[in-house]
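Residue numbers (this note's numbering): 201 to 350.
C-beta: ideal position from N, C-alpha, C; glycine also.
Below you'll find the structure, written out as structure tokens, and then a few comments.
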């Protein structure tokens, strides 16, 4: 399949994902090749609710939220690869391997998410995922997402 220079805005993302503020962590998709890869972003601002307590004097984005954002990007790739999400299905984050944090993410950073599909078997997708800031890896992991009827 050929590469698609797409721009999926937050309104379209909200059609894919059930997440809402303050837990929707992907602002835009900038590139996507269905069944292959996705590139998305999040603009990190001081207004994020987690900065009130993590940490007041030195605000740092929690690593678990970076992982969650990568899982959301993987979910968008999975959903867009099949067309659209059915009303009675959700994609759940079901596994993580090889997670590493290499750089802190602070207010003013733009996180770039790069997610590549490794395999999809029996409704479970496995993805290589990285989050970058200014070209530096902030986080990388293998992520698994599963489609479930609800």
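Close CB contacts of residue 292 within its chain, under the 7 Å cut and outside five residues either way in sequence, are with 345, 346, 348 (chain order). Under the 8 Å Cβ criterion, the stretch 289-305 does not count as touching the stretch 231-240, having fewer than three qualifying pairs. Excluding the 5 residues flanking it on each side, residue 289 has same chain C-beta neighbours closer than 8 Å at 347, 348, 349, 350, in chain order.
As a beta-bridge residue in DSSP terms, residue 336 pairs with 333. Residue 250 is classed as exposed because its beta carbon has fewer than 16 other beta carbons within 10 Å across all chains shown. The straight-line gap separating the alpha-carbon atoms of residue 233 and residue 276 is approximately 11 Å. In this structure, residue 235 sits near residue 317, with a CB-CB distance shorter than 8 Å. Here the stretch 206-216 makes no contact with the stretch 259-269; the two share fewer than three CB pairs at distances below 8 Å. Between the beta-carbon of residue 260 and that of residue 309 there is about 10 Å, and that puts the pair past the 8 Å contact cut. By alpha-carbon distance to residue 332, the top candidate from 257, 304, 262, 247 is 304.
The C-alpha of residue 272 lies about 12 Å from the C-alpha of residue 280. Each residue's CA atom was taken as its position, placing residue 334 and residue 282 some 31 Å apart. In this structure, residue 274 places its C-beta atom within 8 Å of the C-beta atom of residue 325. Within the same chain, and ignoring the five residues on either side of residue 263 in sequence, the residues whose Cβ sits closer than 6 Å to its Cβ are 301. Your pair residue 246 and residue 307 checks out as a contact, with CB atoms roughly 4 Å apart and the cut at 8 Å.
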